[in-house]
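Residues -1 to 320 (our numbering) are what the first sequence spells out, left to right.
What follows is a single structure, written as structure tokens, with notes after it.
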Amino acid sequence: MPELPEVETVKLGLAKLLPGLVIAHVKSDWPKSFPNSASDVGSFLVGASVVGVRRRAKVLLIDLSGLHTLVVHLKMTGQLVFVAEAQKSTEYPVQSTEGSDKPLDSKIQDPRSKISQLRFGAGHPTSSLVGMLPDKSTRVTLDFKDGSKLFFNDQRKFGWMKLIPTSEVPNIDFMKKVGPEPLSDEFTAKVFIARIRRRANTTIKAALLDQTVLAGIGNIYADETLWGAKIHPATRVCDVSDSKLKKLHKEIRLVLNLAIKKGGSTNKNYVNAEGKKGSYMSFARVFRRENLPCPHCGTTIIKSRVAGRGTHTCPKCQELAE
DNA sequence: CACTTGACCTGTCCGC
DNA sequence: TGCGGACAGGTCAAGT
């Protein structure tokens, strides 16, 4: 479930690794994960080099020579795994314990290891110890000329990767509809309030999750920011005061910036470019903390369902007005 | 048009 | 131990 901070972390990592690499071969065995035709791949992907990596909302944009772009959406379980050396079948280490702060498997940090492997993206529940790449969740494999590889793994097959002309990127429906970047200078409290007020009759949580209101918030950061602003997620937008929305705006920028600084994080096995785990779980204040005390008042955090999602709240800090 | 629900998927976990 | 069902959650299509 990569959200903005996780995708940003992926982008920062890939931007250090991919530029300059030339694509030699592409393999895909799940058409929905990579719907391009073989002739597209032959004409525009093989032989192209990576010129840069961008992010917009939760979408990654890998720009290639030849004015084409690989557009990647990780959705919930997508991940990009970079392997720097040619290996037919590469053993790779992953996190062994969910939620722990243990260092990664020593292999990843061992300078003697010939395998340099960097893993980006969502948690990968099946790979609880040591796995092989490609594994059964590998949907697309990019082979680079120098022998390195980029694996697109996606257990649940919701994610996708598409090759399109770079000039077409702004014309994708999603790009046309998606709201402002919450960390941009343009995203002022005034802009936020004006945009979210358009969803007057829905719940504040549904409005935050609406990517056309603002980009990049998912279930984790919706719960975290609403807790920070002391707003119950089921409150209708029209029942939230401007001053509360102002507080929420501040909280969004605070929480997202902190999450990026922490290297992002999702559940389970996520690690960042340095081979370290994002430290979100130790930072989360309500998310997945049901039955634990609220860090503010000590009241037991409860889990409910709002906007069709698992929702975590402090019943005291986030009272729901009648 | 505003808003909600179901579908897309696979793996895990819980209760029987 | 096995099995069915709920659940996980980003986005779009379909429904109210």
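Using N, Cα and C, we set each Cβ at its ideal position, and we do this for glycine too.
- If you check the CB distance, ARG193 and GLY177 come in under 8 Å.
- Per the C-alpha coordinates, the member of LYS174, GLY296, LYS73 positioned closest to GLY216 is LYS73.
- Per DSSP, the beta bridge partners of MET159 are VAL70.
- Contact annotation, MET173 with VAL167: C-beta distance approximately 6 Å; criterion of less than 8 Å satisfied.
- The Cβ-Cβ distance between GLY45 and VAL69 does not fall below 8 Å.
- Assignment of LYS147 by DSSP, reduced to helix, strand and coil, places it in the strand class.
- If you compare the alpha carbons of ALA82, VAL211, HIS294 with that of LYS14, the shortest gap goes to ALA82.
- At a Cβ-Cβ threshold of 8 Å, LEU58 and VAL51 count as neighbours.
- In summary, GLY157 is buried, with 16 or more beta-carbon neighbours lying within 10 Å of its beta-carbon over all protein chains present.
- If you draw a 10 Å sphere on the C-beta of ASP171, you find fewer than 16 other C-beta atoms in it, and that means exposed.
- Counted as a single uninterrupted DSSP element, the stretch harbouring SER241 is not any beta strand (DSSP E) but the alpha helix (DSSP H) occupying residues 240 to 259.
- Ranked by Cα distance from THR186, the options LEU246, LEU78, GLY306, ILE60 are led by LEU246.
- If you look at ASP171, you'll find it in the alpha helix (DSSP H) that goes 171 to 175.
- If you draw a straight line from the Cα of PHE281 to the Cα of LEU224, it is about 15 Å long.
- Secondary structure at GLY11: helix, using DSSP grouped into helix, strand and coil.
- A distance of 8 Å or more separates the beta carbons of ALA220 and LYS242.
- Judged by DSSP in its simplified three-state form, THR223 adopts helix.
- DSSP places ILE194 within a helical segment (H, G or I) once states are collapsed to three.
- Rounded to whole angstroms, the separation of the alpha carbons of ASN151 and THR136 is 4 Å.
- Contact between the region 130 to 150 and the region 0 to 8 is not established, with fewer than three Cβ pairs separated by less than 8 Å.
- In the three-state DSSP reduction, PHE142 falls in the strand class (E or B).
- Non-local beta-carbon contacts of GLN316 in its own chain, meaning distances under 8 Å to residues more than five positions away in sequence, involve LEU224, TRP225, LYS228, ILE229, HIS230, PRO231 in chain order.
- Cβ-Cβ distances below 7 Å link ASP240 to ILE191 in the same chain, with the five nearest sequence neighbours on each side left out; the list follows chain order.
- For SER26, the beta-bridge partners assigned by DSSP are VAL138.
- The criterion of a C-beta distance shorter than 8 Å is not satisfied by LEU181 and LEU256.
- Note that the C-beta distance between LEU12 and LEU62 is not below 8 Å.
- As the crow flies, the alpha-carbon of ARG286 is around 29 Å from that of PHE149.
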